[in-house]
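Single-structure report; data block below.
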Amino acid sequence: MICGYPPKTIDFTNPDYLIFFSLVMCGYPPKTIDFTNPDTLLESSIIRSGDVLIVENQKVLDNSKSSSLASSCSKKLVRKVVPADNSCLFASLSFVLFNSEIYADDLRVLAAECIAADPITYNDAFLGKSNTDYCLWLKQKDHWGGAIEINVLSTQNEIEINVADIQSGRLDVYGENKNYHKRVFLLYDGIHYDAIGLEENGVITKTVFHTSDINIQIEALALAEDAKKKRQYTDLAGFTLRCLVCSTPLTGQSQAQQHAKITGHMNFGEV
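For the sequence shown, position 89 matches number 89 in full-length UniProt numbering, and the numbering has no gaps at all.
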């Protein structure tokens, strides 16, 4: 066969040539020609003078590319588990923002101070209680933080915070439309937040990513999906709780919220 410019002859009967091609097709609809079969001869094949051949090159990686690929494959997003001590949100945010959990209390206080400074946005109707009471409540270490605090801390740190929800498979993005250049990731199982980071050789080396990197969001959702398959989440509609103040048994988030509203009890444990 003659191809290219300037024209070059390719001898398909020579096995030395064949190692460079992964596929050769001819005709319409295209049919694969097996030149690795010694019984296949040009004289008896489907090729005719003037036919167009479809040839795909064999992809061969050199050592440097193979090494680079292996290196990239050794990196993966992982879940960084933080203590389940009611400060998991702040500990997780501390880790992804500052590579350490030691600033969890500072972030809790910062969130409370920002909410207190904006009583118009964070009013009684929005918070479900007075702004003052809510901030006093939030500053106590045995109380959870949630979406309100994530939104506040996203604004204060000028960073996009992505939360991958295990049960729903949803990615909640805080600060999405504020043109931030950096983003961090958390994993949420229904009652607990963990940090997400890029692990290399068993060590988390990166937790802050550029907002243009969509692949990281896809990987975070894949991490959540894997956790869902392992049932590593809490069904808020059906899980069983007990009030740690009065020992009342409760089912689901709605009953817990109603109980808290009536009694003022805010400490619950899963049964």
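Where is the CB? At the ideal position from N, CA and C, for every residue including glycine.
What residue does the beta strand (DSSP E) around Tyr188 start on, and which one ends it?
-> 182–188
Which class does Lys261 belong to by DSSP, given the choice of helix, strand or coil?
-> helix
For residue 355, which three-state DSSP category applies?
-> Because the chain is modelled from 1 through 271, residue 355 falls outside the range shown and cannot be assessed.
Taking the C-alpha atoms as reference points, what is the distance between Lys206 and Gly197?
-> 6 Å
Helix, strand or coil at Ala164 according to DSSP, with G and I counted as helix = strand
Name the DSSP bridge partner or partners of Pro119?
-> In DSSP, Pro119 forms no bridge with anything.
Just tell me which of Tyr103, Ile120, His192 has its CA closest to the CA of Ala147.
-> His192
Which residue's Cα is closest to the Cα of Ser168: Lys178, Asp213, Lys228, Pro119?
-> Lys228
Do the CB positions of Gly190 and Thr234 come within less than 8 Å of each other?
-> yes
Could you check what DSSP says for Tyr193 in three-state terms: helix, strand or coil?
-> strand
From the DSSP output, in three-state form, read off Pro29 for me.
-> Residue confidence for Pro29 is low, a pLDDT of 49 falling below 50, so the modelled location carries little weight and cannot support an answer.
Do you know whose CA, among Ile166, Leu97, Val78, Lys80, lies nearest Gln156's CA?
-> Leu97
Apart from the five residues on each side of it in sequence, which residues of its chain come closer than 7 Å, Cβ to Cβ, to His181?
-> His210, Thr211
Does the distance from the CB of Glu149 to the CB of Leu89 come in under 8 Å?
-> yes
With DSSP as the reference, please indicate the residues paired to Lys206 in a beta bridge.
-> Leu198
For the alpha helix (DSSP H) that contains Asp235, what are its first and last residues?
-> Where Asp235 is concerned, there is no enclosing alpha helix (DSSP H), given that its DSSP letter is neither H nor E.
Skipping 5 residues on each side, what residues in its chain have a beta carbon closer than 6 Å to that of Ile216?
-> Phe209
Given a threshold of 16 other Cβ atoms within 10 Å of its Cβ, counted over all protein chains shown, does Gly145 qualify as buried or as exposed?
-> buried
Around the C-beta of Ile115, are 16 or more other C-beta atoms found within 10 angstroms, so that it is buried, or is it exposed?
-> buried
Could you tell me the distance, in whole angstroms, from the CA atom of Ile214 to the CA atom of Thr121?
-> 31 Å
Report the residue from Thr240, Lys139, Pro83 whose alpha carbon sits nearest the alpha carbon of Thr251.
-> Thr240
Residues near Cys135 by beta carbon distance below 6 Å, same chain, minus five either side = Ala112, Ile115, Ala116
How big is the Cα-Cα spacing for Ala125 and Val82?
-> 32 Å
Throw me the rounded Cβ distance for the Asp194 and Arg108 pair, which I believe falls under 8 Å.
-> No, Asp194 and Arg108 are not in contact; Cβ-Cβ is about 17 Å, not under 8 Å.
Leaving out five residues on either side along the sequence, give the residues of the same chain with a beta carbon under 8 Å from the beta carbon of Ala70.
-> Residue confidence is low: Ala70 scores 44 on pLDDT, short of 50, so the model does not pin down where it sits. Its coordinate-derived value is still stated next. So no residue of the chain qualifies.
For my contact list, Ile166 and Ala224 are in at a C-beta cut-off of 8 Å; report their separation, rounded to the angstrom.
-> 5 Å
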